[in-house]
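**Student:** Below is a structure I'd like to ask you about.
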Ligand code: ATP
Ligand code: MG
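Residue numbers (our numbering): 290 to 1025.
Put into structure tokens, the structure is as follows:
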């Protein structure tokens, strides 16, 4: 029965078996912290200490939640439901749905995304004396969010915040913003925690209910909790007259969310707040080879703010390739090399799904996506937003939101004229005015205007039709379920037709995306649950288990592991990010280094790091030097290879082009490998060449074509073997 305990080492086992009282597991990457939590969950159940729903488990990724629930299901031999298992936000959303009335919401409240938040804020800001040139809405939103992360409602800001005149204005905006949210029966991401936190403070009976309910609390990635999350956990754990059975696992070297208010000090606070806490350290790493671990340790050793720990490879017999560090001429060559390596590894028998490319910023995926599309390599982007950010998906979701919640004004505003219904600025203003005068949501205002014949012509017919459709859809949801109801709505309102008739190249893809969306909807029993999932997807990961190469940011990769990992773009300014260093100085640099440590330690068998001497940023070529993190890795664990000479020979066509139109300055070729310590800074990208409209050009990827139009360094080219595309002039050669 306790066979699962045999799969642990002694320290892990102690962490699992110490079920009563507070436990803190502090340990490096890959030492089995998440495994400890999963096993602990199972152990508590199997030893009869609690029922599944009496355990609160906060995990960082969906993968971890999924693993835990699968493990539990296999141990108790039946599917488990109703678990309190998920991210902080997910758990708080669940609690808030139950207690919404205590903060003046109803349980079907909407969760706004950043886009909605900004739109709302922009409506509020003009009424306040604040200069949006120096203090843009994004900044104001960031400040409000940081207050929420500290547990501040607009009434209880700290004295120092109140004393600052600009902050005092933002505080007023905060107040107005919250009032608007309340009217919309909505809340933003930060509110999910803050509302529940306030409920716990104001309604001790509610808090006590949860305290009694959750006999055991488990927290993964504890180093990345922010203040409000910490306070929330502490409230739940400090049960009067009972032991605090809270187990947190974390790694100070992997703290990468301080920019979102995470506080590494929470580790120290824990020991202070729970003086009887047992602190357990794990030192054996079961994930990575010795070389990967060696490189990780060498790198993180450069940080001064560390609690300090050592990592040993548990299995020293693994095939132990050195970490490969490659220098490339430019970012295109980098994606080319990585894709070639991926193909090679797949031929050796590795699966695409076991490979990951981890990047500093989301926008770095583009060259890889393009290359993979060209080569037909299967890939997926993990980290959410991309799919759900697309216009057609947001439109479709806005339609769903209005069906689920008729007073969702923001959603209505998004779709009222999509497809075109002749609702222009004037009509919209009229609807807004009526809504204000009658103090009703926009949809009711439209109803009022229609009934009283205050809208005319096309608008009248179109909006009447829309209102009828929404009514019918709501009935259909009841009668036939949400999937066929939404399908009906999007077809009947002309939305699907709008894209069918659209001649742009993306239209077909958009229709596919909508199909994909229906697929996603079908996985949820109700519309409200689906919409909640969408709101939470931001910090989610794609779980579709297909055999695809995984692309994601380093932040999204936390807690995950892959056999083969590629870490491209290790260049000064990009990684470490210049912005982080400018904003937070040495602390910023150390956080970037921790991010690099997270990246390295995701790899189980093979690790490939790379940097390019030239990178295109917003269409402009910029030269760059290798990241200082590369220099921090010694030859003991890494093998450095320069591909630069080779690649320049290959791009000789570019050379000819440069030579004939300007005098680009190529320096002498560096010796193999020398570029790592002597970065090339002398490549001057060509300035806009005078390519006349009508010229014949050759593009490396799209072939021959005719220039239709030029604008700065962009060309519109009708390619013979493809369609019309926009390309950057430095990528084409003029044909004589
Ligand atoms: P991270 O800090 O990256 O989140 P972690 O400490 O949570 O890492 P896990 O993901 O739990 O580490 O474990 C890393 C890998 O090692 C997993 O594949 C896990 O199954 C394996 N592992 C952990 N403990 C053991 C053990 N005692 N025996 C064999 N394999 C183990
Ligand atoms: Mg983990």
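C-beta: ideal position from N, C-alpha, C; glycine also.
Ligand 1 and residue 318: does the residue's C-beta get closer than 6 Å to at least one heavy atom of that ligand?
**Tutor:** Here residue 318 corresponds to residue number 29 of the chain shown, with the count starting at 1. Because some heavy atom of ligand 1 lies under 6 Å away, the Cβ of residue 318 counts as near it: yes.
**Student:** Which residues end up in the neighbourhood of ligand 2 when you take C-beta atoms closer than 7 Å to any of its heavy atoms?
**Tutor:** Output, sorted by chain position: 322, 323, 353, 509, 510 and 848.
**Student:** If you draw a straight line from the C-alpha of residue 293 to the C-alpha of residue 572, how long is it?
**Tutor:** For the purposes of this step, residue 293 is taken as residue 4 along the chain shown, with counting starting at 1. For the purposes of this step, residue 572 is taken as residue 283 along the chain shown, with counting starting at 1. So the alpha carbons of these two residues sit roughly 20 Å apart.
**Student:** Starting from residue 1007, trace the alpha helix (DSSP H) in both directions and tell me its first and last residue.
**Tutor:** Within the chain shown, residue 1007 is the residue found at index 718, counting from 1. Unbroken run through residue 1007 is the beta strand (DSSP E), 1003-1008; no alpha helix (DSSP H).
**Student:** Using 10 angstroms around the beta-carbon of residue 882, count the other beta-carbons present and answer buried if the total reaches 16, otherwise exposed.
**Tutor:** Here the question's residue 882 lines up with position 593 in the chain shown. Flag for residue 882 reads buried.
**Student:** Comparing the CB of residue 871 with every heavy atom of ligand 1, is any distance shorter than 6 Å?
**Tutor:** Numbered from its first residue, the chain shown carries residue 871 at position 582. No, Cβ of residue 871 sits at least 6 Å from all heavy atoms of ligand 1.
**Student:** Do residue 354 and residue 615 come within 7 Å of each other at the CB atom, strictly closer than that value?
**Tutor:** In the chain shown, counting from the first residue as 1, residue 615 sits at position 326. In the chain shown, counting from the first residue as 1, residue 354 sits at position 65. Contact flag unset, no.
**Student:** Taking its Cβ as the centre, do 16 or more other Cβ atoms sit within 10 Å of residue 505, making it buried, or is it exposed?
**Tutor:** For the purposes of this step, residue 505 is taken as residue 216 along the chain shown, with counting starting at 1. By the neighbour-count rule (16 or more Cβ atoms within 10 Å), residue 505 is buried.
**Student:** Where does the unbroken beta strand (DSSP E) through residue 537 begin, and where does it stop?
**Tutor:** The residue labelled residue 537 in the question sits at position 248 within the chain shown. From DSSP, the beta strand (DSSP E) with residue 537 extends over 535-539.
**Student:** Check for me: the alpha helix (DSSP H) holding residue 334 runs from which residue to which?
**Tutor:** The sequence position of residue 334 within the chain shown is 45, counting from 1. Here the alpha helix (DSSP H) through residue 334 covers 322-335.
**Student:** Looking only at C-alpha atoms, which of 474, 842, 622 and 331 sits nearest to residue 396?
**Tutor:** Your numbering for residue 396 matches position 107 in the chain shown. Nearest of 474, 842, 622 and 331 to residue 396, Cα basis: 474.
**Student:** Please classify residue 1073 as buried or exposed, where buried requires at least 16 other C-beta atoms within 10 Å of its C-beta.
**Tutor:** Absent from the model: residue 1073. The displayed extent of the chain is 290 to 1025, so no value can be given.
**Student:** If we count the other Cβ atoms within 10 Å of its Cβ and call it buried at 16 or more, is residue 341 buried or exposed?
**Tutor:** Translated into positions along the chain shown, residue 341 becomes position 52. Flag for residue 341 reads buried.
**Student:** Just verifying my parser: in three-state terms, what is the DSSP assignment at residue 1054?
**Tutor:** Outside the shown range of the chain (290 to 1025) lies residue 1054, about which nothing can therefore be said.
**Student:** Unbroken beta strand (DSSP E) runs of length 3 or more, entirely within the stretch 597-623: which are they?
**Tutor:** Within the stretch 597-623, the complete beta strand (DSSP E) runs of at least 3 residues are 612-619.
**Student:** Just to confirm, is the Cβ distance from residue 855 to residue 918 under 7 Å?
**Tutor:** On the chain shown, position 566 is the one that residue 855 refers to. On the chain shown, position 629 is the one that residue 918 refers to. Not a contact, by the Cβ cut-off of 7 Å.
**Student:** On the DSSP bridge list, what partners appear for residue 573?
**Tutor:** Locating residue 573 in the chain shown gives position 284, where the first residue counts as 1. The partner list for residue 573 (beta bridge, DSSP) reads 601.
**Student:** Who pairs with residue 931 in a beta bridge, going by DSSP?
**Tutor:** Translated into the one-based positions of the chain shown, residue 931 becomes position 642. Residue 931 pairs with 616.
**Student:** DSSP three-state label for residue 512, please.
**Tutor:** Here residue 512 refers to the residue found at position 223 when the chain shown is read from its first residue. Helix.
**Student:** Residue 778 lies in the alpha helix (DSSP H); which residues open and close that run?
**Tutor:** Sequence index remark: in the chain shown, residue 778 carries index 489 (1-based). Per DSSP, residue 778 belongs to the alpha helix (DSSP H) from 771-781.
**Student:** Could you give the first and the last residue of the continuous alpha helix (DSSP H) run that contains residue 559?
**Tutor:** Translated into positions along the chain shown, residue 559 becomes position 270. From DSSP, the alpha helix (DSSP H) with residue 559 extends over 554-562.
**Student:** Does the stretch 453-461 touch the stretch 424-435, meaning 3 or more C-beta pairs lie closer than 8 Å?
**Tutor:** Result yes; three or more Cβ-Cβ pairs closer than 8 Å.
**Student:** Could you tell me the alpha carbon to alpha carbon distance between residue 719 and residue 671, rounded to whole angstroms?
**Tutor:** The count along the chain shown starts at 1 and reaches residue 719 at position 430. The count along the chain shown starts at 1 and reaches residue 671 at position 382. When rounded, the distance between both Cα atoms is 43 Å.
**Student:** CB-CB under 8 Å to residue 1008, same chain, minus the five flanking residues each way: which ones, in chain order?
**Tutor:** Taking the chain shown and counting its residues from 1, the one referred to as residue 1008 is at position 719. The residues are 988, 991, 992, 993, 994 and 1014.
**Student:** Quick check on residue 904: does DSSP put it in helix, strand or coil?
**Tutor:** Locating residue 904 in the chain shown gives position 615, where the first residue counts as 1. In this structure, residue 904 counts as strand in the three-state DSSP scheme.
**Student:** With a threshold of 6 Å, establish whether the CB of residue 576 neighbours any heavy atom of ligand 1.
**Tutor:** Counting from 1 along the chain shown, the entry for residue 576 is found at position 287. Checking every heavy atom of ligand 1 against the Cβ of residue 576, one is found closer than 6 Å.
**Student:** Compute the Euclidean distance between the alpha carbons of residue 399 and residue 548, then round it to the nearest angstrom.
**Tutor:** Here residue 399 is taken as the residue at index 110 of the chain shown, counted from 1. Here residue 548 is taken as the residue at index 259 of the chain shown, counted from 1. Going from the Cα of residue 399 to the Cα of residue 548 covers about 26 Å.
**Student:** If the criterion is Cβ atoms closer than 7 Å, does the pair residue 591 and residue 612 meet it?
**Tutor:** By 1-based counting over the chain shown, the position of residue 591 is 302. By 1-based counting over the chain shown, the position of residue 612 is 323. Cβ distance not < 7 Å, so residue 591 and residue 612 don't count as in contact.
**Student:** Specify whether the stretch 377-385 and the stretch 434-446 touch according to this definition: at least 3 beta carbon pairs, one from each stretch, less than 8 Å apart.
**Tutor:** Not touching, per the Cβ criterion.
**Student:** Distance check for residue 308 and residue 559, CA to CA, integer angstroms please.
**Tutor:** Here residue 559 corresponds to residue number 270 of the chain shown, with the count starting at 1. Here residue 308 corresponds to residue number 19 of the chain shown, with the count starting at 1. Answer to the nearest angstrom: the Cα atoms are 17 Å apart.
**Student:** For residue 642, which three-state DSSP category applies?
**Tutor:** The residue you call residue 642 lines up with position 353 of the chain shown. In the structure shown, residue 642 sits in a helix (DSSP, three-state: H, G or I).
**Student:** Which residue from 376, 374, 359 and 375 puts its Cα closest to that of residue 368?
**Tutor:** Residue 368 sits at position 79 when you count from the first residue of the chain shown. Comparing Cα-Cα distances from residue 368 to each of 376, 374, 359 and 375, the minimum goes to 359.
**Student:** Determine the closest residue to residue 480 out of 979, 493, 406 and 766, with distance taken between C-alpha atoms.
**Tutor:** Residue mapping note: residue 480 aligns to position 191 of the chain shown, counting from 1. Nearest option by C-alpha distance: 406.
**Student:** Just to confirm, does residue 580 get its C-beta within under 6 Å of one of the non-hydrogen atoms of ligand 1?
**Tutor:** Your numbering for residue 580 matches position 291 in the chain shown. No, the Cβ of residue 580 stays beyond 6 Å of every heavy atom of ligand 1.
**Student:** Could you check where the beta strand (DSSP E) with residue 338 kicks off and where it finishes?
**Tutor:** The residue given as residue 338 occupies position 49 in the chain shown. Counting along the chain, residue 338 falls outside any beta strand (DSSP E), and DSSP gives it neither H nor E.
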